[in-house]
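Enquirer: If you're matching positions, the sequence shown starts at 6 in my numbering and goes up one per residue.
All C-beta atoms, glycine included, are put in the ideal place defined by N, C-alpha and C.
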Amino acid sequence: MAATSLMSALAARLFRPAQSCCLRHRPFHLAAVRNEAVVISGRKLAQQIKQEVRQEVEEWVASGNKRPYLSVILVGENPASHSYVLNKTRAAADVEHIDERKICNAVSPDKDVDGFHVINVGRMCLDQYSMLPATPWGVWEIIKRTGIPTLGKNVVVAGRSKNVGMPIAMLLHTDGAHERPGGDATVTICHRYTPKEQLKKHTILADIVVSAAGVRKKAGYITPVPGGVGPMTVAMLMKNTIIAAKKLLRLEEREVLKSKELGVATN
Numbered sequence: 006m007a008a009t010s011l012m013s014a015l016a017a018r019l020f021r022p023a024q025s026c027c028l029r030h031r032p033f034h035l036a037a038v039r040n041e042a043v044v045i046s047g048r049k050l051a052q053q054i055k056q057e058v059r060q061e062v063e064e065w066v067a068s069g070n071k072r073p074y075l076s077v078i079l080v081g082e083n084p085a086s087h088s089y090v091l092n093k094t095r096a097a098a099d100v101e102h103i104d105e106r107k108i109c110n111a112v113s114p115d116k117d118v119d120g121f122h123v124i125n126v127g128r129m130c131l132d133q134y135s136m137l138p139a140t141p142w143g144v145w146e147i148i149k150r151t152g153i154p155t156l157g158k159n160v161v162v163a164g165r166s167k168n169v170g171m172p173i174a175m176l177l178h179t180d181g182a183h184e185r186p187g188g189d190a191t192v193t194i195c196h197r198y199t200p201k202e203q204l205k206k207h208t209i210l211a212d213i214v215v216s217a218a219g220v221r222k223k224a225g226y227i228t229p230v231p232g233g234v235g236p237m238t239v240a241m242l243m244k245n246t247i248i249a250a251k252k253l254l255r256l257e258e259r260e261v262l263k264s265k266e267l268g269v270a271t272n
């Protein structure tokens, strides 16, 4: 199931205009000589992550476990959702058109590789371990694997969708020392009702901008379209699948052990 809107560009602002004495002394101006953004290949990073997952799966299967598989239920007629399902997952899918929230919450949280279940969303917001939505997690991995610092930085997230904008804002602003480490950034969420002048002010002050708008001339790093966040979304979905498979096996093993202990106690 795809997010209602996909982040297609990641711009890490490495400079700010010298608008005041305070800003002139900020170290970001050291990178202002850059004329073109460094293009981050999400496709290459995704290949790296998928190779890691492939190796993990093969080790898992070689240990005598069942090979994980992915099933997809598509809700609604959103073209982005269809593209996500048809082009970015190679698993068999049973497709039904029913209420989105009901089906998201009907899926077991432990099998919810999209990270849309209310329990997974709640745990994510509490900085606890959970299944993370694939697109925001992909953006987060791009930032981390590229070495872009987030601690103490100002971030603007353009978009407030529950499946993309809100989760990436959570990942970027929450505590890096918690169970699910965050980016320790100061995050501003802008959306369609944010006045253009306010949006301009926020982005000028931002060190990192996560949006679907190209700002190549003013960015230090940017992801291309296509070949940016899209491939990372698929890679993180695959990573969630093996995580879910391992977690479910551990749960099954605990249930078997519990049953054996109960049997011994009864005898």
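Would you say residue 160 and residue 212 are within 8 Å of each other, going by their C-beta atoms?
Expert: Closer than 8 Å, so yes.
Enquirer: Is it the case that the Cβ atoms of residue 155 and residue 190 are separated by a distance below 8 Å?
Expert: Their beta carbons are under 8 Å apart, which means residue 155 touches residue 190 by this criterion.
Enquirer: For residue 163, report the span of its beta strand (DSSP E) as first-last.
Expert: Note, residue 163: beta strand (DSSP E), 159 to 163.
Enquirer: Would you mind sorting residue 180 into buried or exposed? The rule is 16 or more other CB atoms within 10 Å of its CB.
Expert: Residue 180 should be labelled exposed.
Enquirer: Is it buried or exposed for residue 50, if we count other Cβ within 10 angstroms and need 16 for buried?
Expert: Its Cβ being crowded by 16 or more others within 10 Å, residue 50 is buried.
Enquirer: For residue 38, collect the residues of the same chain with a Cβ closer than 8 Å to its Cβ; drop the 5 residues on either side in sequence, then sort them by chain order.
Expert: Low local confidence applies: a pLDDT of 38 at residue 38 is under 50, so the model's placement there is unreliable, with the coordinate-based value given in what follows. Nothing listed; no residue qualifies.
Enquirer: Can you round the beta-carbon distance between residue 148 and residue 162 to whole angstroms, since I take them to be within the 8 Å contact cut?
Expert: That pair is no contact at about 12 Å.
Enquirer: Determine the direct distance from the alpha carbon of residue 109 to that of residue 264, and round the result to whole angstroms.
Expert: If you take the alpha carbons of residue 264 and residue 109, they lie about 31 Å apart.
Enquirer: Determine, using beta carbons only, whether residue 132 and residue 187 come nearer to each other than 8 Å.
Expert: Contact flag set, yes.
Enquirer: Under 8 Å between the Cβ atoms of residue 144 and residue 246?
Expert: It is not a contact, given that the beta carbons lie outside the stated cut-off.
Enquirer: Could I get the ranges of all uninterrupted beta strand (DSSP E) runs contained in the region 156 to 202, with 3 residues as the minimum, in chain order?
Expert: Whole beta strand (DSSP E) segments, 3+ residues: 159 to 163 and 191 to 195.
Enquirer: Once DSSP output is grouped into helix, strand and coil, what is the label at residue 248?
Expert: Correct three-state label for residue 248: helix.
Enquirer: Which same chain residues end up closer than 7 Å to residue 122 when comparing Cβ atoms and leaving out the 5 residues on each side of it in sequence?
Expert: Cβ within range, chain order: 109, 110, 112 and 114.
Enquirer: Exposed or buried, residue 70, counting other C-beta atoms within 10 Å across all chains shown (16 or more means buried)?
Expert: That one is exposed.
Enquirer: What did DSSP end up calling residue 216 once you bin it into helix, strand or coil?
Expert: DSSP places residue 216 in strand when its eight states are reduced to three.
Enquirer: Looking at residue 237 and residue 146, is the spacing between their C-beta atoms short of 8 Å?
Expert: Against a cut-off of 8 Å, the Cβ pair of residue 237 and residue 146 comes out as a contact.
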